[in-house]
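**Q** Protein chains in written order, with my numbering: chain A, 1 to 418; chain B, 1001 to 1165. Pasting a structure below so you can have a look.
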C-alpha cells in the first residue's frame, strides 16, 4: 500500500528527475486523459470529490465545469503564491515532486481546453520558479508539452510568472490582476474567473496541491482515489503544514479524517509540544484561523472540511499552528494583525482602516496601556469589519481577534485596567 | 542603455510568454531584470519599461510601490530579510533577529557601513517549520537560508563580503 499520494518523493528518491518520474508511472494520467473526451476528464475529477486545497475547499471538477464554452481562449492558472502564515506545502511539492504537479496542470488544461497555462509563484520562490522552468523544458523535450502532444492535435505551453511580495495575490482575482501587469487588488465578483478571468477570458485557478492530486485520479479512477483515504465528503489525502510549538514541525500527508491529536502528538508526526508543555490552542488555517480551544473534544475532531467547523474553526489550507501555554493571546493577535495590516491591499475601506486600527489597539493592549473599554472597542471594530470587505483578507484579519477575545478572555483582562 | 539593448534575448523571451495584445503582463519580469545590475530600479528604467509596454511611467511606478520585492532606492548589495511572522516568532525568530542586529551593530532597516548588507524584518516566507530563517535578496535573485543561528549567519555574511571584493 502506498503511503503517499502527494509527497511521493519521500518514498522514491530523485523523483524530481524526469527519467525516475517516468519509471514511476509518470504522465500515465495525462496520457490516459488525452485519449478521453474532455468532459469525461472533468467528470472523473468531480466523481473523486476532490476539493480545492488552497483554503476554500470548493469542488475542483465543479469549478472546471463552470468554464464558459462560448468564450475562447481558455486559461489555466496554478496558484503557487503560498503566502498564508503557517503554510509551506506547495513549495515542497514543486521542489521535490514537480512533474506530478506539472502533469496535473496539463490534465486540467486539457480538460478545459486551454492551450496556455501560467504558474503564479510568490516572488520569494525565485529559485523554485527557475527550477520549474527547467522541468517544463524537460517535459517539452520528452513530448508532454508543446505542439501535438503524444501525436494528438492538442498543444499546450506552461509558463511561470513570479509575483513580488504580496499576500493578497493568493486571492484568485488579485492574482489574475497581477499577471495582467496591474497592482494585485481583488476584483468585484461576480463574474467569477470561469466566466471572466485572465484577460477577461474563462480561467480555472487551482492550488498546487489540488492540481498535484489530479494525476492519480485520472490514472486510477475516482473510486481508487476515494479508497486511498478520507471521508465521503472530504475524500483523499491532504498535506498538513504543522508549525508553532511542536517538537517536529513539518509537512505531513494524512488522509482527511485523521485527528488533531494524531497530527500534533503522533510520534511519526508532530511528536507533542516543546518541553512537554500544555497545549492551549490550535490555529488550523494559519494566521487566518479562528483560535480553537485545544480541549479533548477538539483534539479528537476529524480533520475534514465539515468537522473542523463543529469546533469553531475552518480547515482552510490545513496550516496547523500549535499554540501552547507559554503563549499569550494578546501578543498573538499583535502578530496576526501586524501581518494583515501590512498585507491589506488598500482597495476597500473596512479592511484598510480596520486592520490598521485593530493593530494599533492590540499593540496598546499588549503594552499594558489600554483600558477595558479599548478591549471592547477592538472586539467591536473586528465585528464591524466582518461581512463588509471585498475579499476574504479583511474577514480573515478578524478571525483570531474575535475568537481569542471570546475564548481566552483572561489573557486580555490581565492586561487592561478599568 | 535600455533593457532591450542590454538584455535583448531575455526581453524577447519574457515578452513571448504573454499574448502580444497583453504585453503589459511583462511588467513584473522586466522590473526584476531592471534590478539585476544595481539591485534597484532607476527612474530611467521605469520610463524605459513604460515605453516598451505602452504604459505610463506612473503605472510602472505604482507596480513598484505595491510589491515589496521591487525597490527603487539603493540599499546594501544584499538585503537580508528575516521572517519574524507568527510561525517563526513561535520558534525564536524575534530573539534571533535581536541578537543578529546586536552583532551587526545595525537595526532592521539599516545597512552595514561597508554597504554590504541591509537588515530587514519581513512577513511570512512560507518556511515556518525551519525557523529561524531569512532570504537574501540581491539583483541576481533570492535565496533561502533556513534553520539558521546567529553564528552561521555571520559566517554567511563573511562569505558574501569576500565574494563582493
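Note that beta-carbon positions come from the ideal geometry of N, C-alpha and C, so glycine has one too.
For residue 1122/B, count neighbouring Cβ atoms within 10 angstroms of its own Cβ and tell me buried if that reaches 16, exposed if not.
**A** Here residue 1122/B refers to the residue found at position 122 of the second chain. The C-beta of residue 1122/B has 16 or more other C-beta atoms within 10 Å across all chains shown, which makes the residue buried.
**Q** Near residue 229/A, what residues of its chain come up, given a Cβ to Cβ distance below 6 Å and the 5 sequence neighbours on each side ignored?
**A** In the first chain, the residue the question calls residue 229/A occupies position 229. The residues are 237, 255.
**Q** Per DSSP, what are the beta-bridge partners of residue 1143/B in this structure?
**A** Within the second chain, the letter at position 143 stands for residue 1143/B. Paired residues: 1136/B.
**Q** Please list, in chain order, the residues of the stretch 71–87 of chain A that have any C-beta partner in chain C closer than 7 Å.
**A** Going by chain labels, chain C is absent from the structure shown, which instead holds the protein chains A and B.
**Q** With C-beta atoms as the reference, is residue 106/A less than 9 Å away from residue 144/A?
**A** If you number the first chain from 1, residue 106/A lands on position 106. If you number the first chain from 1, residue 144/A lands on position 144. It is a contact, given that the beta carbons lie within the stated cut-off.
**Q** Looking at the structure shown, is residue 1078/B part of a helix, part of a strand, or coil, going by DSSP?
**A** Locating residue 1078/B in the second chain gives position 78, counting from the first residue. DSSP places residue 1078/B in strand when its eight states are reduced to three.
**Q** Could you tell me whether the Cβ of residue 1109/B comes closer than 9 Å to any Cβ of chain A?
**A** Here residue 1109/B refers to the residue found at position 109 when the second chain is read from its first residue. No, no contact with chain A.
**Q** Give a yes or no on whether the C-beta atoms belonging to residue 66/A and residue 195/A are separated by under 9 Å.
**A** Walking along the first chain from the start, residue 66/A turns up at place 66. Walking along the first chain from the start, residue 195/A turns up at place 195. Yes; because the gap between Cβ atoms is below 9 Å, this pair is in contact.
**Q** DSSP three-state call for residue 23/A: helix, strand or coil?
**A** Reading the first chain from its first residue, position 23 is the one you call residue 23/A. Helix at residue 23/A.
**Q** Does the separation of the CB atoms of residue 1112/B and residue 1139/B fall below 9 Å?
**A** As a position in the second chain, residue 1112/B is number 112, starting the count at 1. As a position in the second chain, residue 1139/B is number 139, starting the count at 1. Contact flag unset, no.
**Q** I'd like to know if residue 1022/B contacts chain A, where contact means its C-beta is closer than 9 Å to some C-beta of that chain.
**A** Within the second chain, numbered from 1, the residue matching residue 1022/B stands at position 22. With 9 Å as the cut-off, residue 1022/B counts as an interface residue toward chain A.
**Q** Runs of 4 residues minimum, wholly inside the stretch 344–414 of chain A: which ones carry the alpha helix (DSSP H) assignment?
**A** For the stretch 344–414 of chain A, the continuous alpha helix (DSSP H) assignments of 4+ residues that do not extend past its boundaries occur at 349–366, 372–385, 392–407, 409–413, in sequence order.
**Q** Could you check what DSSP says for residue 1131/B in three-state terms: helix, strand or coil?
**A** In the second chain, counting from the first residue as 1, residue 1131/B sits at position 131. Reduced to three states, the DSSP call for residue 1131/B is coil.
**Q** With a threshold of 9 Å between beta carbons, is residue 1130/B in contact with chain A?
**A** Position 130 of the second chain, counted from the start, is the residue given in the question as residue 1130/B. Yes, residue 1130/B counts as interfacial toward chain A.
**Q** Can you name the residues of chain A whose CB is closer than 7 Å to the CB of residue 1017/B?
**A** Here residue 1017/B is taken as the residue at index 17 of the second chain, counted from 1. Within 7 Å Cβ-Cβ: 159.
**Q** Just mark residue 375/A as buried or exposed, buried being the case when its beta carbon has 16 or more other beta carbons within 10 Å.
**A** Residue mapping note: residue 375/A aligns to position 375 of the first chain, counting from 1. With 16 or more Cβ atoms within 10 Å of its Cβ, residue 375/A is classed as buried.
**Q** Whose Cβ in chain B lies nearer than 9 Å to the Cβ of residue 132/A?
**A** Walking along the first chain from the start, residue 132/A turns up at place 132. At a beta-carbon threshold of 9 Å, none of the residues of chain B lie near residue 132/A; the nearest stands roughly 13 Å away.
**Q** Under 8 Å by Cβ, that's how I've got residue 149/A and residue 337/A pegged, so tell me the actual separation to the nearest angstrom.
**A** On the first chain, residue 149/A is found 149 positions in, with the first residue counted as 1. On the first chain, residue 337/A is found 337 positions in, with the first residue counted as 1. Their Cβ separation, rounded to whole angstroms, is 48 Å, which puts residue 149/A and residue 337/A out of contact at 8 Å.
**Q** Can you list, in chain order, the residues of the stretch 1115–1149 of chain B whose Cβ is nearer than 9 Å to any Cβ on chain A?
**A** Taking 9 Å as the Cβ-Cβ cut-off, the stretch 1115–1149 of chain B approaches chain A at 1122, 1123, 1124, 1125, 1126, 1127, 1128, 1129, 1130, 1131, 1135, 1137, 1141, 1142, 1143, 1144, given in chain order.
**Q** Less than 7 Å between C-beta atoms, sequence neighbours within five positions excluded: which residues of the same chain meet that for residue 1025/B?
**A** Counted from its first residue, the second chain places residue 1025/B at position 25. Result list for residue 1025/B: 1018, in chain order.
**Q** For my contact list, residue 321/A and residue 243/A are in at a C-beta cut-off of 8 Å; report their separation, rounded to the angstrom.
**A** By one-based count along the first chain, residue 321/A stands at place 321. By one-based count along the first chain, residue 243/A stands at place 243. With a Cβ gap of about 5 Å, residue 321/A and residue 243/A count as contacting.
**Q** With DSSP collapsed to three states, give me the class of residue 142/A.
**A** As a first step, residue 142/A must be located in the first chain, where it is residue number 142. Three-state result, residue 142/A: coil.
**Q** Got a sec, what are the start and stop residues for the beta strand (DSSP E) residue 280/A sits in?
**A** Numbered from 1 along the first chain, position 280 holds the residue referred to as residue 280/A. Start and end: 279–283.
**Q** Report yes or no: is there a C-beta of chain A within less than 9 Å of the C-beta of residue 1045/B?
**A** As a working note, residue 1045/B is residue 45 in the second chain. Closer than 9 Å: no.
**Q** List, in order along the chain, the chain A residues whose C-beta lies closer than 7 Å to that of residue 1089/B?
**A** Here residue 1089/B refers to the residue found at position 89 of the second chain. Within 7 Å Cβ-Cβ: 335.
**Q** What does the Cβ neighbour count give for residue 63/A, buried or exposed, with the cut at 16 atoms within 10 Å?
**A** Translated into positions along the first chain, residue 63/A becomes position 63. Residue 63/A is buried by the Cβ-count criterion.
**Q** Would you call the stretch 269–285 of chain A and the stretch 313–327 of chain A touching, i.e. three or more CB-CB distances under 8 Å?
**A** The stretch 269–285 of chain A, when compared against the stretch 313–327 of chain A, does touch it at the 8 Å Cβ threshold.
**Q** Quick one, are the C-beta atoms of residue 128/A and residue 172/A less than 9 Å apart?
**A** By one-based count along the first chain, residue 128/A stands at place 128. By one-based count along the first chain, residue 172/A stands at place 172. No; because the gap between Cβ atoms is not below 9 Å, this pair is not in contact.
**Q** Whose C-beta lies closer than 8 Å to the C-beta of residue 261/A among residues of the same chain, with five residues either side of it excluded?
**A** Along the first chain, read from residue 1 onward, the residue named residue 261/A stands at position 261. Within the same chain, residue 261/A has close Cβ partners 299, 300.
**Q** What are the residues that DSSP puts in a beta bridge with residue 147/A?
**A** The residue given as residue 147/A occupies position 147 in the first chain. Beta-bridge annotation (DSSP): residue 147/A is not paired with any residue.
**Q** From the beta carbon of residue 180/A, is the nearest beta carbon of chain B less than 9 Å away?
**A** Counting from one through the first chain, the residue named residue 180/A turns up at place 180. At least one chain B Cβ lies under 9 Å of residue 180/A.
**Q** Excluding the 5 residues preceding and the 5 following residue 41/A in the sequence, name in chain order all residues of the same chain whose CB lies nearer than 6 Å to its CB.
**A** For the purposes of this step, residue 41/A is identified with residue 41 of the first chain, where counting begins at 1. Excluding sequence neighbours, residue 41/A sits near 33, 111.
**Q** So which residues on chain A does residue 1025/B lean against when the C-beta distance must stay under 8 Å?
**A** Within the second chain, numbered from 1, the residue matching residue 1025/B stands at position 25. Here the neighbours are 161, 179, 180, 181.
**Q** Return the chain-ordered list of same chain residues with a C-beta closer than 7 Å to the C-beta of residue 311/A, the five sequence neighbours on each side being excluded.
**A** Position 311 of the first chain, counting from 1, holds the residue named residue 311/A. The residues are 292, 297, 298, 301.
**Q** Establish whether the CB of residue 90/A and some CB of chain B are separated by less than 9 Å.
**A** Here residue 90/A corresponds to residue number 90 of the first chain, with the count starting at 1. For residue 90/A, the answer is yes, since a Cβ of chain B falls inside 9 Å of its Cβ.
**Q** Leaving aside the five residues before and after residue 83/A along the sequence, list all residues of the same chain whose C-beta is less than 7 Å from its C-beta, in chain order.
**A** The sequence position of residue 83/A within the first chain is 83, counting from 1. Only 122, 167, 170 meet the Cβ criterion.
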